[in-house]
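Only one structure is covered here, and it is reproduced in the block below.
Protein chains in written order, with the working numbering: chain A, 1 to 248; chain B, 1 to 248.
Dropping the structure here:
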């Protein structure tokens, strides 16, 4: 995280970094209009949450790391905002867990698909899936359903950060273990997930990677991280944190 | 409000209308990237508020209407999102209260100023201020400080919806009676305002107009609306509504 000219100790560092990356995403044709609006929604929830990783979000990140490590085939789904905000961090997480990276857009255009794949490659990705689009998610209309047959189509565990509710539900209905990053604990994506991480993606993805490195090669600790995580309790805690946070 | 192809009874009507207008604003060069992010923040707060006008927001709208009617010189300040979201509604409010309309942008460019003035004229505005820029708000740097000397410069009452905190504070320090529309009760704009209306602008502006029509020619009722409104209590109530709203 060295792409803004502000010291990491600056109180608004994270927020300035986020703003910088999302604007660069627009310049590169990665972030859509809908993506900018979604970014704003996330800012509001993060503000109410106190711009911090709450304990249940940390437990969720640990459980997510365990699921990724134990998967037969894990895939990290990348949309425009994910690519703009955490390109290098997603590549690192893929390397730490042996997961594939797949570009998957709500508003799919070839130009945006290519721009995002290029952006990931610039951040060190070697294999980027999503451009073949020879598989389908059942229960969604044509364009929204497209995935790679040997990517999300074949995966048993998928990380879908900042995902649209319809697609999150459809993926869950296909029986996949779904890991979600979403700052709104009431969203359908968060409600549908096996593991909802209610946290800013800028904080969450490096945190999942750190837990993955810690849990690697320790199947017992992985099992424990999964068993101890209670999705419903985590969503309730996140909502309490957002609703009940102190007034500054 | 007939510019989307959805019946007004549709449960998502307001939200779809908002989305439609903001996207049209981007196409016309009216809404900026920052405006889209701000729109998303507003969506999140409105969602937590229950997408409704709470009683204290209605009381604020009534007090704002009274201030506009009693002003020696009232000005309605228009930025990119205001122009995109409620162009016709602002023109109607100006007519109902005898206020001036002035375009005032945080990121001022001549092209955006002109696009917004044109958009307001298409919605019935006759005189649009803001293009002369021969006045200054004290305490702000050059570009941010520009106003019309015979507009905001001269006004005793200003309605500044969706305004940046710095400018809201600077206007308040100039001794102007400041009426704000902002969905975040913790924002500096809301905290600084004489009358903070914590409501979606799509609901708030027509509501102020309705109250203005009701209060017109009745100085006693105007005085009562102003006296009965308690800004601090209204901000507290709005925060409680956002923080404590029921889970759906």
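Ideal Cβ positions, reconstructed from N, Cα and C, are used throughout, including at glycine.
Residue i versus the options, residue with shortest Cα-Cα distance
i, options, result
"residue 60(A)", "241(A), 54(A), 197(A), 148(A)", "197(A)"
"residue 104(B)", "127(B), 79(B), 128(B)", "79(B)"
"residue 100(B)", "77(B), 192(B), 17(B)", "77(B)"
"residue 70(B)", "85(B), 121(B), 218(B), 148(B)", "218(B)"
"residue 147(B)", "75(B), 89(B), 119(B)", "75(B)"
"residue 144(B)", "171(B), 44(B), 150(B)", "171(B)"
"residue 98(A)", "199(A), 182(A), 157(A), 139(A)", "157(A)"
"residue 169(B)", "45(B), 188(B), 161(B)", "188(B)"
"residue 24(B)", "13(B), 116(B), 55(B)", "116(B)"
"residue 89(B)", "68(B), 120(B), 62(B)", "120(B)"
"residue 221(B)", "57(B), 13(B), 64(B)", "64(B)"
"residue 199(A)", "179(A), 216(A), 214(A)", "179(A)"
"residue 57(B)", "236(B), 18(B), 82(B)", "236(B)"
"residue 54(B)", "238(B), 22(B), 21(B)", "238(B)"
"residue 67(B)", "240(B), 233(B), 203(B), 223(B)", "223(B)"
"residue 204(B)", "93(B), 228(B), 149(B), 107(B)", "93(B)"
"residue 195(B)", "155(B), 83(B), 62(B), 132(B)", "62(B)"
"residue 206(A)", "85(A), 139(A), 48(A)", "85(A)"
"residue 150(A)", "44(A), 21(A), 131(A)", "131(A)"
"residue 201(A)", "15(A), 242(A), 7(A)", "15(A)"
"residue 18(B)", "165(A), 12(A), 8(A), 37(A)", "37(A)"
"residue 123(A)", "136(A), 82(A), 162(A)", "82(A)"
"residue 177(B)", "154(B), 185(B), 186(B)", "154(B)"
"residue 167(A)", "190(A), 140(A), 191(A), 182(A)", "140(A)"
"residue 133(B)", "102(B), 242(B), 28(B)", "102(B)"
"residue 192(A)", "225(A), 39(A), 231(A)", "231(A)"
"residue 135(A)", "118(A), 174(A), 215(A)", "174(A)"
"residue 129(A)", "163(A), 96(A), 142(A), 91(A)", "91(A)"
"residue 138(B)", "152(B), 127(B), 125(B)", "152(B)"
Chain-ordered chain A contacts of residue i [CB-CB under 7 Å]
i, result
"residue 244(B)", "243"
Per DSSP, cross-strand counterpart(s) of residue i
i, result
"residue 196(B)", "180(B)"
"residue 161(A)", "181(A)"
"residue 102(A)", "77(A), 129(A)"
"residue 146(A)", "136(A)"
| query | Residues in the segment 21-47 of chain B with C-beta within 7 Å of chain A's C-beta atoms, listed in sequence order? | reply | 23, 26, 33, 36, 37, 38, 39, 40, 41, 43, 44, 45
| What are the start and end residues of each continuous alpha helix (DSSP H) run of 4 or more residues lying completely inside the segment 67-92 of chain A, in chain order? | 80-85
| request: Could you tell me which uninterrupted alpha helix (DSSP H) segments, each at least 4 residues in length, are contained entirely in the segment 215-240 of chain A, listed from first to last along the chain? | output: 219-228
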